[in-house]
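Asks:
There are 2 protein chains.
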Amino acid sequence: MTLRHAILGLLSKWDATGYDIKKEFDDFMSIFWHSHLSQIYPELNKLETEELVTSRLIPQEGKPHKKVYSITDGGIEEITNWVGSPPEIPKIKDSFLMQVFFMDNISVDQVIFQLKYYQGVRQKRLDEMKLTVQEAWKSIKERQTMTPRLLMSSAVLRRGLEQEVQYIKWCEETIQLVEACKSLWDPDASLDSVLPFEEAKDLMEEYFNAAVGLEED
Amino acid sequence: MTLRHAILGLLSKWDATGYDIKKEFDDFMSIFWHSHLSQIYPELNKLETEELVTSRLIPQEGKPHKKVYSITDGGIEEITNWVGSPPEIPKIKDSFLMQVFFMDNISVDQVIFQLKYYQGVRQKRLDEMKLTVQEAWKSIKERQTMTPRLLMSSAVLRRGLEQEVQYIKWCEETIQLVEACKSLWDPDASLDSVLPFEEAKDLMEEYFNAAVGLEED
DNA sequence: AAATGCATGTAATTGGTTACATGATTTC
DNA sequence: GAAATCATGTAACCAATTACATGCATTT
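Protein sequence lines correspond, in order, to chains F and G. Count along the first sequence from 1, add 863, and you get the number used in the numbering used here. Count along the second sequence from 1, add 863, and you get the number used in the numbering used here.
Right, dumping it as structure tokens:
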């Protein structure tokens, strides 16, 4: 039940229609949230009956009317309370990592293909994000003003960027590891002509230490 | 609809009860998946009617009976197909990042408190994970064998670890940035006695470059 | 005496996705 | 001529969470 906070948060800054909110979700906020119009519209109605927001109709020519929402004092109270409330531990669902986890069921070539493909998908996302940052950065430099608003949204943006950068790097390093350990997938890996354990161990240790110190014997 | 694949993936390795599956989700697999028993049991029944798994009852003394599930050939086909299918772009929901995004609504002190608190939560998770890695690592070294199964699950573990490490680092660096820009939250920030724009700009540039090159003019 | 673990499930509710419905304007 | 954008919504369906229900054994 955090959709309401996503909406109230946005409305604490600007008045907006359901359609505007959806665009904001898909654009900047996509780093941490998403939703469908068919969920946003009913939620806005609920918020209105709870008197956390108000709306007014704005007729337009050639286009459908707009229903512009504004936040109320009650809404402001709700959102500030929520922002200051204890953060929850995120419950992750990363279906790609799950695929990786079960990739001993497919061939090495398929494994490498999947990792490369996903790396590409992530790279595309990163490129798009970089454009967003550059635009945001440009407008900040033009306006010559820094505000808490700008600061905190930049922090979120940076987090989004580095998340992509890191996932891409992980793909790269994992591809390398899999390629080095290719022979483990051989059907007759029991004949230990393939990859001696010690070698695999060293490769794995290097792979782990590239990201994080294991700090044990 | 990926819960079915989480279950089938596990059953492609060992026979298990719904209760076992839940424990595996909460333990190792928590890096990328989670679910409730009340969702797992019905899903297992569905999988059985679709003949992707079979079950047998094992009576026990003093404890309730066990319903142990095994994967069928059809189930194996389903899971291998899925593992090799095009990965989907993850739709993130990170409510903490959303809180951060809207933290211009609360005081600097509260902002710093929230970031520190969350850093602690993540640190705890990291510590737990490190124990898991060390145990896994120990048993690998004892058995002196490396398999695709072990390799791919280690890759996922490393991803989980580095995710935590990085989030913690981000918290740290963001706390530093916020502390350096504290005066922006002053009510009379209009009097530009507070933090000159150029200084803020430099701090921000440093903050971004610590994680990712902006590579523009 | 109370809480946790083992082990199964159902029922009710909320959250989220996909499909349907409308209709003018602009871009490809 | 088709697709996308603007702008609102409803209905049906699927996924996920919370609550309810049972019951014995062990740990605190």
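Here a beta-carbon is modelled for each residue, glycine too, at the ideal position from N, C-alpha and C. Because the structure is a prediction, the values reported are computed rather than measured.
1) Looking at C-beta atoms only, is the number of pairs between the stretch 915–929 of chain F and the stretch 974–981 of chain G that lie closer than 8 Å three or more?
2) Is residue 941 of chain G buried or exposed, if buried means 16 or more other CB atoms sit within 10 Å of its CB?
3) Suppose contacts are defined by Cβ-Cβ distances below 8 Å. Is residue 808 of chain F in contact with residue 966 of chain G by that definition?
4) If I'm right that residue 933 of chain F touches residue 878 of chain F with Cβ under 8 Å, what's the distance once you round it to whole angstroms?
5) For residue 865 of chain F, does the three-state DSSP call read helix, strand or coil?
6) Going by DSSP, what residue range makes up the beta strand (DSSP E) through residue 934 of chain F?
7) Please confirm whether residue 1043 of chain G has its beta-carbon closer than 8 Å to some beta-carbon of chain F.
8) Roughly how many whole angstroms lie between the Cα atoms of residue 1027 of chain G and residue 924 of chain G?
9) Alpha helix (DSSP H) containing residue 912 of chain F: first to last residue?
10) Is the shortest distance between the beta-carbon of residue 883 of chain G and the beta-carbons of chain F less than 8 Å?
11) With distances taken between CB atoms, is the gap from residue 984 of chain F to residue 894 of chain F smaller than 8 Å?
12) Check this for me: beta carbons of residue 1074 of chain F and residue 1036 of chain G, under 8 Å apart or not?
13) Give the interface partners of residue 916 of chain F over in chain G, defined as CB-CB distance under 9 Å, in chain order.
14) Assuming residue 1011 of chain F contacts residue 1047 of chain G (C-beta within less than 8 Å), just tell me the rounded distance between them.
15) Would you be able to state if there are at least three C-beta pairs under 8 Å between the stretch 947–963 of chain F and the stretch 953–968 of chain G?
16) Any idea what DSSP makes of residue 1010 of chain F, helix, strand or coil?
17) Just the Cα atoms here: how many angstroms apart are residue 1004 of chain F and residue 1014 of chain F?
18) Could you tell me the distance, in whole angstroms, from the CA atom of residue 1045 of chain F to the CA atom of residue 921 of chain G?
19) Which residue or residues does DSSP assign as beta-bridge partners of residue 879 of chain F?
20) What do you reckon, is the C-beta of residue 939 of chain F under 7 Å from a heavy atom of the ligand ADP?
21) List the endpoints of the continuous alpha helix (DSSP H) containing residue 960 of chain F.
22) Span of the beta strand (DSSP E) holding residue 920 of chain G?
23) Which of the three DSSP states is assigned to residue 895 of chain F in this structure?
24) If the cut-off is 9 Å on Cβ atoms, which residues from the stretch 879–905 of chain F count as contacting chain G, listed in chain order?
25) Using C-beta distances below 8 Å, list every residue in its chain close to residue 936 of chain G, excluding the 5 sequence neighbours before and after it, in chain order.
26) Whole angstroms are fine: how far does the CA of residue 975 of chain G sit from the CA of residue 1006 of chain G?
27) Output needed for residue 872 of chain F: all residues of its chain with C-beta closer than 6 Å, excluding positions within five of it in sequence on either side, in chain order.
28) Using only the alpha-carbon positions, how far apart do residue 897 of chain G and residue 989 of chain G sit?
29) Under the rule that 16 or more other beta-carbon atoms within 10 Å means buried, what is residue 910 of chain F, buried or exposed?
30) Whole angstroms are fine: how far does the CA of residue 884 of chain F sit from the CA of residue 957 of chain F?
31) If you measure beta-carbon to beta-carbon, which residues of the stretch 975–988 of chain G are closer than 8 Å to chain F?
32) Of the residues G/926, G/1067 and G/900, which one's Cα is nearest the Cα of residue 886 of chain G?
33) For the alpha helix (DSSP H) containing residue 967 of chain G, list its first residue and its last residue.
34) Report the option in F/930, F/865 and F/993 whose CA atom is closest to the CA atom of residue 953 of chain F.
35) Shortest alpha-carbon distance to residue 955 of chain G belongs to which of F/888, F/944 and F/1065?
Replies: Looking at the atomic coordinates:
1) Contact between the stretch 915–929 of chain F and the stretch 974–981 of chain G is absent: fewer than three C-beta pairs spanning the two stretches fall below 8 Å.
2) Along the second sequence, one-based indexing puts residue 941 of chain G at 78. Classification of residue 941 of chain G: buried, given that the 10 Å Cβ count is 16 or more.
3) Residue 808 of chain F cannot be examined here, being either before or after the span of chain F that is shown, 864 to 1080.
4) Here residue 933 of chain F refers to the residue found at position 70 when the first sequence is read from its first residue. Here residue 878 of chain F refers to the residue found at position 15 when the first sequence is read from its first residue. The beta-carbon separation of residue 933 of chain F and residue 878 of chain F, rounded to 5 Å, stays under the 8 Å limit for a contact.
5) On the first sequence, residue 865 of chain F is found 2 positions in, with the first residue counted as 1. Coil.
6) Taking the first sequence and counting its residues from 1, one reaches residue 934 of chain F at position 71. Run containing residue 934 of chain F: 929–934, per the beta strand (DSSP E) assignment.
7) Here residue 1043 of chain G corresponds to residue number 180 of the second sequence, with the count starting at 1. By the rule that beta-carbons nearer than 8 Å mark a contact, residue 1043 of chain G does not touch chain F.
8) As a working mapping, residue 1027 of chain G is identified with position 164 in the second sequence. As a working mapping, residue 924 of chain G is identified with position 61 in the second sequence. Answer to the nearest angstrom: the Cα atoms are 42 Å apart.
9) As a first step, residue 912 of chain F must be located in the first sequence, where it is residue number 49. Element bounds for residue 912 of chain F: 900–912.
10) Here the question's residue 883 of chain G lines up with position 20 in the second sequence. Taking CB atoms only, residue 883 of chain G has no neighbour in chain F less than 8 Å away.
11) Position 121 of the first sequence, counted from the first residue, corresponds to residue 984 of chain F. Position 31 of the first sequence, counted from the first residue, corresponds to residue 894 of chain F. Result no, Cβ atoms of residue 984 of chain F and residue 894 of chain F do not sit closer than 8 Å.
12) Translated into the one-based positions of the first sequence, residue 1074 of chain F becomes position 211. Translated into the one-based positions of the second sequence, residue 1036 of chain G becomes position 173. Going by C-beta atoms, residue 1074 of chain F is not nearer than 8 Å to residue 1036 of chain G.
13) Numbered from its first residue, the first sequence carries residue 916 of chain F at position 53. The contacting residues do not exist; residue 916 of chain F stays about 15 Å from chain G at best.
14) One-based indexing of the first sequence puts residue 1011 of chain F at position 148. One-based indexing of the second sequence puts residue 1047 of chain G at position 184. That belief holds up - the Cβ atoms of residue 1011 of chain F and residue 1047 of chain G are roughly 5 Å apart, short of 8 Å.
15) Remark: three or more beta-carbon pairs, one from each stretch, lie closer than 8 Å, so the stretch 953–968 of chain G and the stretch 947–963 of chain F are flagged as touching.
16) Translated into positions along the first sequence, residue 1010 of chain F becomes position 147. Note: residue 1010 of chain F maps to coil in three-state DSSP.
17) One-based indexing of the first sequence puts residue 1004 of chain F at position 141. One-based indexing of the first sequence puts residue 1014 of chain F at position 151. Distance between the alpha carbons of residue 1004 of chain F and residue 1014 of chain F is about 13 Å.
18) Position 182 of the first sequence, counting from 1, holds the residue named residue 1045 of chain F. Position 58 of the second sequence, counting from 1, holds the residue named residue 921 of chain G. So the alpha carbons of these two residues sit roughly 40 Å apart.
19) Here residue 879 of chain F corresponds to residue number 16 of the first sequence, with the count starting at 1. F/932, per the DSSP bridge assignment.
20) This structure does not include the ligand ADP; it has no bound ligands of any sort.
21) The residue given as residue 960 of chain F occupies position 97 in the first sequence. Where residue 960 of chain F is concerned, the enclosing alpha helix (DSSP H) starts and stops at 958–964.
22) Counting from 1 along the second sequence, the entry for residue 920 of chain G is found at position 57. It spans 916–921 - the beta strand (DSSP E) in which residue 920 of chain G sits, taken as one unbroken run.
23) Position 32 of the first sequence, counting from 1, holds the residue named residue 895 of chain F. The answer is coil: DSSP assigns residue 895 of chain F none of H, G, I, E or B.
24) Here the close residues are 891, 892, 893, 894, 895, 896 and 897.
25) To locate residue 936 of chain G, count along the second sequence from 1; it is residue 73. Closer than 8 Å at the Cβ level, and outside the excluded window around residue 936 of chain G, lies no residue.
26) As a position in the second sequence, residue 1006 of chain G is number 143, starting the count at 1. As a position in the second sequence, residue 975 of chain G is number 112, starting the count at 1. Separation of residue 1006 of chain G and residue 975 of chain G (C-alpha to C-alpha, rounded to the nearest whole angstrom) is 47 Å.
27) One-based indexing of the first sequence puts residue 872 of chain F at position 9. These residues qualify, in order along the chain: 942.
28) Here residue 897 of chain G refers to the residue found at position 34 when the second sequence is read from its first residue. Here residue 989 of chain G refers to the residue found at position 126 when the second sequence is read from its first residue. Their backbone Cα atoms lie some 18 Å apart in a straight line.
29) For the purposes of this step, residue 910 of chain F is taken as the residue at position 47 of the first sequence. Counting every other CB atom within 10 Å of its CB across the protein chains shown gives residue 910 of chain F a total of 16 or more, marking it as buried.
30) Here residue 957 of chain F is taken as the residue at index 94 of the first sequence, counted from 1. Here residue 884 of chain F is taken as the residue at index 21 of the first sequence, counted from 1. Approximately 25 Å between the Cα atoms of the pair.
31) From the stretch 975–988 of chain G, only 977, 980, 981, 984 and 988 have a Cβ closer than 8 Å to chain F.
32) Within the second sequence, the letter at position 23 stands for residue 886 of chain G. Comparing Cα-Cα distances from residue 886 of chain G to each of G/926, G/1067 and G/900, the minimum goes to G/900.
33) Reading the second sequence from its first residue, position 104 is the one you call residue 967 of chain G. First-last for residue 967 of chain G: undefined, no H or E at that position.
34) Position 90 of the first sequence, counted from the start, is the residue given in the question as residue 953 of chain F. Residue 953 of chain F has its Cα closest to that of F/865, out of F/930, F/865 and F/993.
35) Here residue 955 of chain G corresponds to residue number 92 of the second sequence, with the count starting at 1. Considering only alpha carbons, the answer is F/888.
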